[in-house]
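Shown next, in structure tokens, is the structure this report addresses.
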Amino acid sequence: MFRAIAAASVLAAAVQAHVEINYPTGEWDFTSEQQESGAVCGGGSRPAALAWGTEDAFVSISGDEGNTVRILLATSGSASENATVQDASSFVSFSPIVLSEGATFSSSGNLCLPVFLPDNVTTGARGTVYVEVNGDDGTLSSCAEVSLVPANTGSTVVVEHGGAVINSETGANMTVRDYYCSNSTIAARACSCHCHGASEHCGSTCTEQEQLDARAQCEAGGETHDEHGHDDHDHDHDHSESVAPSATTSAAAGSVGQDAAQSTGQPDSGAGKTGAAAGLAAVFAVAGVVLLQ
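When the letters of the sequence shown are read in order and numbered with mature numbering (1 follows the signal peptide of the UniProt record, and there is no 0), they come out as residues -17 to -1, 1 to 276.
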């Protein structure tokens, strides 16, 4: 099921560097030469947007061991207007949302990053997911075009050849998340808060409840702590940190948007990225977005 994703890691040694977005599946079209030039979104062309559920969302990417990752989202807020993409830092017209920052590729060459998406977006609003990697060879990027929908597309069962794909280890139907994350390092979210006087100062990955708890502690005159045991005197600016537990390979560090869901299994064989897109047509049809190939 994961030959294409795994192959991306093997091929990395034969090229200067690379980053590939496996999910969401609307990756921009570009050549390896275009991407290696360092152009934004790999220097490619924008494809049709594909549905991406805002509930329990995740991003699956492949790249080179040791490279660090930053993921941004720019959205137009419109179902008919594309987000403007001209430079990596601002996406110009629309303020980007930082979905993940600081995760590092392990030897598997694959990362599955759970991210938090706004729950008040316009149904069908178009967006551009920007993935940037930094390493010894410089900075490279890729993008994926999405249509944001209030659904959990990752929990949908993968269908191929008219039938549900079965997880060979569990015997259960394979979900989209299983399909793209079972052979990847899965990063987990950690919240970091500290007090500025009686006011809390929390990182962007903290949940509403974590922020409320921190506020109560600050108002009571207590010190807040992050998941690494640091107190508020250890910090002089807002930050979020994450230490990922071992999922299927070694851990990945970085700040991401929500707790990692545990995979139900690791299938042994399957199709590549193109096959996955075809097999997931039913997913996007349910979301009301036509899959264009």
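C-beta: ideal position from N, C-alpha, C; glycine also.
In terms of alpha-carbon separation, which member of the options lies closest to residue i?
i      : options                    : result
Asn65  : Leu131, Arg198, Cys201     : Leu131
Thr51  : Gly85, Gly26, His1         : Gly85
Glu143 : Asn156, Glu3, Asn135       : Asn156
Gly26  : Thr37, Ala32, Phe13, Glu38 : Phe13
Gly107 : Ala34, Gly137, Thr8        : Ala34
Leu55  : Glu38, Gly36, Leu82        : Leu82
Glu38  : Val98, Ser28, Ser59        : Val98
Considering only DSSP beta bridges, list what residue i is partnered with.
i      : result
Gly154 : DSSP lists no partner for Gly154.
Glu115 : Arg53, Ser124
Phe41  : Pro97
Ala199 : Paired residue(s): none; Ala199 is not in a bridge.
Arg109 : Ser130
Have a look at residue i and residue j and give me their C-alpha separation to the nearest angstrom.
i       : j      : result
Gly146  : Tyr162 : 15 Å
Ala40   : Pro30  : 21 Å
Gly118  : Cys126 : 18 Å
Asn93   : Val2   : 10 Å
Ala(-1) : Ser89  : 15 Å
Val141  : Asn166 : 16 Å
Ala134  : Val104 : 12 Å
Gly49   : Ala62  : 37 Å
Gln182  : Cys201 : In the sequence as presented, Gln is not what sits at residue 182; that position holds Ser. In a straight line, the C-alpha of Ser182 is about 6 Å away from that of Cys201.
Thr8    : Ile80  : 19 Å
Ser45   : Ser91  : 9 Å
Is the beta carbon of residue i less than 8 Å from the beta carbon of residue j?
i      : j      : result
Gln18  : Leu123 : yes
Thr139 : Thr158 : yes
Ala197 : Val129 : no
Going by DSSP, what residue range makes up the beta strand (DSSP E) through residue i?
i     : result
Glu10 : Note, Glu10: premise wrong, no beta strand (DSSP E); not H, not E.
Ala86 : 80 to 87
Which residue marks the beginning of the alpha helix (DSSP H) containing residue i, and which one marks its end?
i      : result
Leu100 : Careful: Leu100 lies outside any alpha helix (DSSP H) and carries neither H nor E.
Arg29  : That residue, Arg29, is in no alpha helix (DSSP H); it is neither H nor E in DSSP.
Glu128 : Taken as a continuous stretch (DSSP letters only), Glu128 belongs to no alpha helix (DSSP H), being part of the beta strand (DSSP E) at 121 to 132.
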